[in-house]
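To convert, note that position 137 of the sequence shown is 140 in my numbering; the numbers rise steadily by one, no gaps.
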Amino acid sequence: MTAPVLQVQDLTVALPRGGDRGEAVSGVSFEIPKGQLVCLVGESGSGKSIIAHTVMGLSPRNVRATAGEVRVNGEALLHAAPHRLRQLRGETMSMIFQEPMTALNPVMTCGSQIDELLVQHTRKSARERRLRVLEMLGHVRLADSERLYRSYPHQLSGGQRQRIMIAMALILAPALLIADEPTTALDVTTQAEILRLIRELQRESNTTVLFITHDLGVVAEIADSVAVLQRGRLVESGPAREVLTRPQHPYTRALLNAVPSLIPRRPRSEPIGAIHLQTRQLTKVFESGGWLRRRPTVKAIDGVDLDVHKGDTVGIVGESGSGKSTLARLLVRLVEPSGGEIEVDGRPVTWLRGSAAHEFRRKVQMVFQDPYRSLNPRRTVGAAIAEGPINFGATRAAAWQRAAELLHLVKLSPRSLNRYPHEFSGGQRQRICIARALAVDPEILIADEAVSALDVSIQAQILSLLADVQQRLNLTLVFITHDLRVAAQICNRVVVLQHGRIVEHGPLAEVFHNPRHAYTRALLQAAPGRGFAFGDTTGN
């Protein structure tokens, strides 16, 4: 038998002093044979990315390995000299990072950034390097490679940027590829394309892959083997099929049970209330150019007719760029429509101004996708939640009392009122954002990708919380998501948006079981782990 490409043996990585845990990784051992794809799975904080950065020699100085060994192709890395690690990175091992927009240099063209690796590690001429980069762009299924070579990262879509990262990682044909959550921020169809591409390239070149993810649906699609981490410790490992179908550890079973299924978990009933929120021929055109020469460029929303009944939960689904978030911002009047009408309880609200608009703001509130960016880092969570009631006339004492009650409602301690956003986890911050949206007693709540960046277990908790709060307060909920698995767990009805137009709508079970439009069928087919029965693991 040949030696494994990657060997991690009894690895322990210490955290800086003052953290909740002394060790980020504790005694972890696993290995990956040549040509195998192993998924490292766990929630945020389980140590997945720290292991990846330790292997690559990219950890901060205050996060260091205190015990164990890491070997790539038999070579020990933990005590390798910096110049040797620089040589190994790219040639022997490479990494695809989670967020390509952050990882790519915004002031360099994409072609130049890939070429930089060839400059550092080869003696090819400029012409040879350019041809090799263009060849690699084609290899990762990027059309119009000449244009993309000259493009900057901000000029590309999320899926194109991730393909650029893959091209950079594979340009020197490394023995080991580490992919750190490379599909987390992508919509389901782009995610499926990237997963398929990584798997195809891995098989073509017989590359060894360490794939880091918190989504067991992704594991079901691509993994040969899986290793499960919990709070820095390896709790289970084995062939992917065996771990997914016969999990032995309670934590693994909990992760599997938290994965949303495309099958609705409970029977759905038709809405019985009157129409609460309605749009007619709603349109939004974004323009560019100077004020003297305006020209239409993108019709983000194109004649949308939407009916949402009181107390109902309507899901709006589609890929990135389909117009979902623009529609959400139109509904809460954060952007002005280019045409059409919006009505709440039969009253036009499209062009409200002054005190009438102020009252509308109280009725319709929004939960944004990124809770960290939507909370002011300089204000305590109590001040953030109390701000709305104070703006609508409540006394400061009453507003803070309301904030304490809402924290209890979203299952957080009222003692957290004087803490700041950075002191909470991602799931806790999203709970705070839900509390803030509820502080003014809205009638309609619009959640824009409110769980897309969360671990599956935290995601399940937030979905359960939203359903519970909606039932208690009789809210009307518009839930926007690119993940049909998530929509299946909370929505009664679903609207499918493509290029700003509604292509299909109806009761969720009807749309999911008998999709009429090809685009809807494509979204359903792209859902990761669609052929696997999640949510019913017994361990037997």
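Just so you know, even glycine gets a beta-carbon here, dropped at the ideal spot from N, CA and C.
Are R496 and V335 touching if we call contact CB-CB under 8 Å?
no
Looking only at DSSP bridge pairs, what is C42 linked to?
F214, V229
Less than 7 Å between C-beta atoms, sequence neighbours within five positions excluded: which residues of the same chain meet that for R524?
P518
Indicate the three-state DSSP secondary structure (helix, strand or coil) for I483 in the structure shown.
strand
Could you tell me whether any Cβ in chain D is nearer than 8 Å to the Cβ of H516?
Any reference to chain D falls outside this structure, which holds one protein chain only.
Continuous beta strand (DSSP E) stretch holding D118: start and end:
Run containing D118: none in the beta strand (DSSP E); it sits in the alpha helix (DSSP H), 113 to 124.
Compute the distance between the beta-carbons of S455 and Q372, then report whether it is under 8 Å.
Yes. Within cutoff.
Given a cut-off of 8 Å on the beta-carbon distance, is the pair P351 and E362 in contact?
no
From what residue to what residue does the beta strand (DSSP E) around A17 run?
9 to 17
Threshold first: 4 residues or longer. Then list the alpha helix (DSSP H) segments lying entirely within the segment 363 to 428, N to C.
374 to 377, 384 to 394, 399 to 412
Compute the distance between the beta-carbons of A387 and A402, then report whether it is under 8 Å.
no
Segment limits, beta strand (DSSP E) that includes Q158:
Unbroken run through Q158: none, as it is neither H nor E.
Opening and closing residue of the alpha helix (DSSP H) in which H86 lies:
85 to 94
T69 bridges to which residues according to DSSP?
Answer is none; T69 lacks a bridge partner.
Taking the continuous beta strand (DSSP E) assigned at Q501, which residues delimit it?
496 to 501
Pairwise C-alpha distance: R488 and L265:
5 Å
Whole-number beta carbon distance between F395 and V3, since they are thought to touch under 8 Å:
The first residue shown for the chain is 4 and the last is 543, placing residue 3 beyond what the model contains.
Drop a sphere of 10 angstroms on the beta-carbon of L337, count the other beta-carbons inside from all chains shown, and report buried for 16 or more, exposed for fewer.
With fewer than 16 other Cβ atoms inside 10 Å of its own Cβ, L337 counts as exposed.
Can the beta-carbon of A55 be found closer than 8 Å to that of M98?
yes
I'd like the span of the alpha helix (DSSP H) that includes P242, first residue to last.
No alpha helix (DSSP H) holds P242; the beta strand (DSSP E) holding it covers 236 to 242.
Between the CA atoms of G50 and G30 - distance to the nearest angstrom:
12 Å
Pick out whichever of D118, R64, L247, S328 has its Cα sitting closest to the Cα of I167.
Measuring from the Cα of I167, the nearest candidate turns out to be D118.
Which residue comes first and which comes last in the beta strand (DSSP E) that contains S29?
26 to 35
DSSP three-state call for V58: helix, strand or coil?
helix
Where G542 falls, given that 16 or more other Cβ within 10 Å makes a residue buried
Any answer about G542 is weak, because its pLDDT of 41 lies below 50 and its placement is not dependable; what the coordinates show is given next. That one is exposed.
Cβ-based burial, P185 [other Cβ within 10 Å; buried from 16]:
buried
Rounded C-alpha distance that separates V506 from A463:
28 Å
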